[in-house]
Amino acid sequence: MCQDCGCGDPQIVPVEVHERLLSNNDRVARHNREHFAAHDVLAINLMGSPGSGKTAILEAAARALVSHRRLGAVSGDLATDRDAERLRAAGIPAATITTGSACHLDAEMVHHALSGFALDSLDIFVIENVGNLVCPAIYDLGQALNIVALSVKYPVMFRNAQAVLITKIDLLPHLGGVSLQMFNDSLARVMPEPRAFPVSARTGEGIDRWLEWLETSRPRV
Amino acid sequence: MHEYSIVCSLLERVGAEARARNATAVHRLTVRIGAAAGVEPALLSKAYEHFRAGTICAGAELRVECVAERWACPVCGRTLERGGILSCEGCGMPARLMSGDEIILERIEMEVP
Chain A
642 MCQDCGCGDP
652 QIVPVEVHER
662 LLSNNDRVAR
672 HNREHFAAHD
682 VLAINLMGSP
692 GSGKTAILEA
702 AARALVSHRR
712 LGAVSGDLAT
722 DRDAERLRAA
732 GIPAATITTG
742 SACHLDAEMV
752 HHALSGFALD
762 SLDIFVIENV
772 GNLVCPAIYD
782 LGQALNIVAL
792 SVKYPVMFRN
802 AQAVLITKID
812 LLPHLGGVSL
822 QMFNDSLARV
832 MPEPRAFPVS
842 ARTGEGIDRW
852 LEWLETSRPR
862 V
Chain B
17 MHEYSIVCSL
27 LERVGAEARA
37 RNATAVHRLT
47 VRIGAAAGVE
57 PALLSKAYEH
67 FRAGTICAGA
77 ELRVECVAER
87 WACPVCGRTL
97 ERGGILSCEG
107 CGMPARLMSG
117 DEIILERIEM
127 EVP
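Here you go:
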């Protein structure tokens, strides 16, 4: 009620909140993190674009760790159980978190999925996020490590291409351990006649070489 | 479009605050969004327009305050240029994000009986 004149009008009050909008998610993430720590499990949030090879990396990790570390995983997938099936075939206890149209996993989804796992029997737990390089970045899931997978996969796309532009190479000096040799090596595995032009739209590096090649590729009359 | 799920969290939170105070309407919400938070203010506003219908926020304006991205050395305090190499030129330490990752519900202006 208005306190000033007794008119009986409702009053508008400001309520200061100052709280993170994802504080519910953060709280569940903290709970997940405690859960992982209590069972001495290293939790990893594995992110990357679709087709970046997240599932394949886990399959390879399972093979490499077979005798000394026990891996478990959940895979975020829009509709199918395919990734988790592949992981189970590789000997990793795995479940799917079906996200529907959601573009990321949140801590609650992971918490729910965790109830199906005996964490005591695991050393490393991988949360394979939805293939998306934007949305998963802002949701804490309770992981100890965020890992991003990057690749030149999509074999059909590369196989049918005459040339590949390796873009944003001005960022290379900031990416420790990333080399063009690595890309060229991967490309040679999916492209019978690999032809790659490392370019930077920002500095202009490599653009000339690419354009020169375009000229030589014009249809001849 | 994770902005949609952020708006759902926002409406849930405001709904809870309004119920706790027996509010009859909400007039304005103020949120602070950092430039490096991974949330697009325009998409957030659009998602809000879409989802507020039928909630206590139906008539409430959403005010989005943007917070600049600011990096500094955690040891010597030197500030770093955004977009530059994120380690301190002086002591070589990895820089720390001092502000710009906020996704914060700052204030709710509501009508109470």
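Chains as they are written, first to last, in the working numbering: chain A, 642 to 862; chain B, 17 to 129.
Positions of the beta carbon are idealized from the N, C-alpha and C atoms, including for glycine.
None of these values were measured; they are calculated from a predicted model.
The stretch 668-676 of chain A makes contact with the stretch 747-758 of chain A: 3 or more CB pairs, one atom from each, lie closer than 8 Å.
Among the bridge pairs identified by DSSP, residue 788 of chain A is matched with A:687. In the three-state scheme derived from DSSP, where H, G and I count as helix and E and B as strand, residue 732 of chain A is classed as coil.
For residue 669 of chain A, the three-state secondary structure derived from DSSP is helix. The straight-line gap separating the alpha-carbon atoms of residue 30 of chain B and residue 664 of chain A is approximately 13 Å. The stretch 711-723 of chain A and the stretch 806-816 of chain A do not touch, with fewer than 3 CB-CB distances between them shorter than 8 Å.
Counting every other CB atom within 10 Å of its CB across the protein chains shown gives residue 91 of chain B a total below 16, marking it as exposed. Residues of chain A with a Cβ closer than 7 Å to the Cβ of residue 65 of chain B do not exist; the shortest Cβ-Cβ separation is about 17 Å.
Pairing residue 719 of chain A with residue 767 of chain A, the inter-Cα distance amounts to about 18 Å.
Secondary structure within the stretch 82-109 of chain B: the beta strand (DSSP E) runs of 3 or more consecutive residues, fully enclosed, are 86-88 (chain order). Distance from the CA of residue 735 of chain A to the CA of residue 728 of chain A, rounded to the nearest whole angstrom, comes to 6 Å. With respect to chain A, the C-beta atom of residue 54 of chain B has a partner C-beta closer than 8 Å.
Shortest Cα-Cα distance from residue 666 of chain A to any of B:107, B:28 and B:33 involves B:28. Listed in chain order, the non-local C-beta contacts of residue 713 of chain A below 6 Å within the same chain comprise 734, 758, 763 and 766, local neighbours out to five positions each way being set aside. Taking a C-beta distance under 8 Å as the contact criterion, residue 837 of chain A and residue 693 of chain A do not qualify as a contact pair.
For residue 731 of chain A against residue 703 of chain A, the beta-carbon gap comes to about 4 Å, under 8 Å, which counts as contact. Listed as beta-bridge partners of residue 718 of chain A by DSSP are A:739. At least one CB atom of chain B sits nearer than 8 Å to the CB of residue 652 of chain A. Per DSSP, residue 803 of chain A has no beta-bridge partner at all. With a threshold of 16 other beta carbon atoms within 10 Å, residue 858 of chain A falls short and is exposed. Interface criterion met: the Cβ of residue 126 of chain B is under 8 Å from a Cβ in chain A.
Here residue 107 of chain B is exposed: its Cβ has fewer than 16 other Cβ atoms, across all protein chains shown, within 10 Å. Of all residues in the stretch 768-788 of chain A, only 775, 776, 778, 779 and 780 come within less than 8 Å of chain B when Cβ atoms are compared, listed by chain position. Looking only at A:761, A:813 and A:770, the smallest Cα-Cα distance to residue 745 of chain A is reached by A:770.
Contact with chain B is found for residue 659 of chain A, since one of that chain's Cβ atoms lies less than 8 Å from the residue's Cβ. Its chain contains 124 as the residues whose beta carbon lies nearer than 7 Å to that of residue 33 of chain B, once the 5 sequence neighbours on both sides are disregarded; these appear in chain order.
Each of A:775, A:737, A:773 and A:781 was checked against the Cα of residue 747 of chain A, and the nearest Cα belongs to A:781.
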